[in-house]
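A short write-up of the structure that comes next.
Numbering (this note's numbering), first residue to last: 419 to 714.
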């Protein structure tokens with residue numbers, strides 16, 4: 419993979435409604451072609467890097483996240499929680515005029531998370547995020563966003579790679595991506611409420627309109643609002659976390675949007691030194707998400 423640009427921009431880490439507006443503007447006809455809004459060409463894009471000032475893990479925010487994602491309340495943070503500390507940096511990168519793809523309409527394909535050690539409430543962390551030049555995919559181009567989190571001594575404690583597809587001219591010879599088998603349901607079905615996307619948005623800062631209301635989702639081509647991909651990953655991890663080691667890697671591929679309100683079936687099974695897991699449609703068994711977790 420090509421390394422992202424060495425220049426790093428500092429950002430406060432916020433991801434409010436202003437960021438959402440900046441994300442939407444490049445997708446609006448006429449407005450998207452204006453100076454300062456128009457996206458740069460993908461040709462010659464060398465990557466972007468952002469970081470934020472040191473951040474102390476806030477217990478109230480951790481507990482609010484745990485509540486909406488199904489984790490128990492602990493003095494340590496859920497495995498997927500550190501993504502909350504980096505999401506504002508991801509949005510800053512996507513809304514940077516140098517980033518060649520609009521944020522709205524970019525599809526979350528895959529995610530890989532590695533925890534090196536537990537992170538405690540009250541820990542002070544360094545958070546950075548970067549994106550490399552795109553790579554080919556059968557349906558367009560993929561941008562890999564890498565997040566690195568270290569402690570005060572600079573020791574890595576958590577990292578992730580979030581892969582996003584921008585649809586376009588594809589390459590039939592491109593790698594297929596994660597190949598993880600679908601795990602049959604264990605008979606566990608979760609009923610998801612209509613306001614789940616709004617509840618997760620309030621905690622995460624991800625107010626993408628496809629997750630909020632039927633009318634906003636329909637405007638972007640969905641029959642009604644859909645669950646956040648990172649919520650579905652977190653909910654699966656919450657069902658497994660007490661069986662996972664401290665140092666662990668979780669990989670997921672997002673297959674089919676989860677419409678809200680709706681139902682999903684959870685399945686998991688032992689595999690080598692870890693677990694395979696999935697979320698499927700309870701009626702058709704079509705996969706929404708497939709994943710695996712293993713000791714790092």
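Just so you know, even glycine gets a beta-carbon here, dropped at the ideal spot from N, CA and C.
key: For residue 571 and residue 635, the rounded distance between their alpha carbons   = In a straight line, the C-alpha of residue 635 is about 44 angstroms away from that of residue 571.
query = Mind pulling the alpha helix (DSSP H) runs of 4 or more residues that sit fully within the stretch 618–667?
reply = 632–636 and 647–658
key: From 591, 463 and 510, residue whose alpha carbon lies closest to that of residue 469   = 510
query = Quick one: is residue 474 buried, meaning 16 or more other Cβ sit within 10 Å of its Cβ, or exposed?
reply = exposed
ask   = What's the C-alpha gap between residue 465 and residue 538?
value = 32 angstroms
Per-residue burial, residue 637 [other beta carbons within 10 Å of its own, 16 or more giving buried] = exposed
inquiry  = DSSP has residue 609 in a bridge; who is on the other side?
reply    = Beta-bridge pairing by DSSP links residue 609 to 681.
ask   = Is there contact here, the stretch 597–604 with the stretch 481–501, by at least three beta-carbon pairs under 8 angstroms?
value = no
ask   = Given residue 682, which residues of its chain have a CB within under 8 angstroms of its CB, disregarding the five upstream and five downstream residues?
value = 607, 608, 610, 650, 676, 697, 698, 699, 700 and 706
request  = Would you give the residue range spanned by the alpha helix (DSSP H) that residue 495 belongs to?
outcome  = Premise fails: residue 495 is in no alpha helix (DSSP H) and is neither H nor E.
key: Spatially closest choice to residue 553 from 583, 522 and 536, by CA coordinates   = 583
Supposed close pair residue 518, residue 463 - CB separation, criterion 8 angstroms = 5 angstroms
message = Quick check: the Cα distance between residue 476 and residue 490, rounded to an integer number of angstroms?
response = 16 angstroms
ask   = Between which two residues does the alpha helix (DSSP H) harbouring residue 477 extend?
value = 477–487
task = Could you check the C-alpha separation between residue 479 and residue 589 for me, to the nearest Å?
result = 42 angstroms
message = Determine whether the beta carbon atoms of residue 542 and residue 472 lie at a separation below 8 angstroms.
response = At a Cβ-Cβ threshold of 8 angstroms, residue 542 and residue 472 count as neighbours.
task = Using the DSSP secondary-structure output, state which residues sit across from residue 698 in a beta bridge.
result = 683 and 705
task = May I have the straight-line CA-CA distance separating residue 575 from residue 535, to the nearest angstrom?
result = 6 angstroms
key: Cβ-based neighbour list, residue 579, same chain, cut-off 6 angstroms, excluding 5 preceding and 5 following   = 530, 562 and 564
key: Cβ shell of residue 425 (< 6 angstroms), same chain only, five flanking positions each side left out   = none
inquiry  = By the three-class DSSP mapping on this structure, what secondary structure does residue 563 have?
reply    = strand
ask   = If we ignore side chains and look at the alpha-carbon of each, how far apart do residue 624 and residue 618 end up?
value = 8 angstroms
ask   = For chain C, is any of its Cβ atoms less than 8 angstroms away from the one on residue 588?
value = Going by chain labels, chain C is absent from the structure shown, which holds only one protein chain.
Burial state of residue 501 (16 or more Cβ within 10 Å) = buried
query = How about residue 656 and residue 487: are their beta carbons less than 8 angstroms apart?
reply = yes
query = What residue from 685, 652, 612 and 492 has the CA that sits closest to residue 605's CA?
reply = 685
ask   = Taking the continuous alpha helix (DSSP H) assigned at residue 501, which residues delimit it?
value = 501–512
inquiry  = Please classify residue 687 as buried or exposed, where buried requires at least 16 other C-beta atoms within 10 Å of its C-beta.
reply    = exposed
ask   = So residue 469 is in the beta strand (DSSP E); what residue range does that whole segment cover?
value = DSSP places residue 469 inside the beta strand (DSSP E), whose first and last residues are 466–469.
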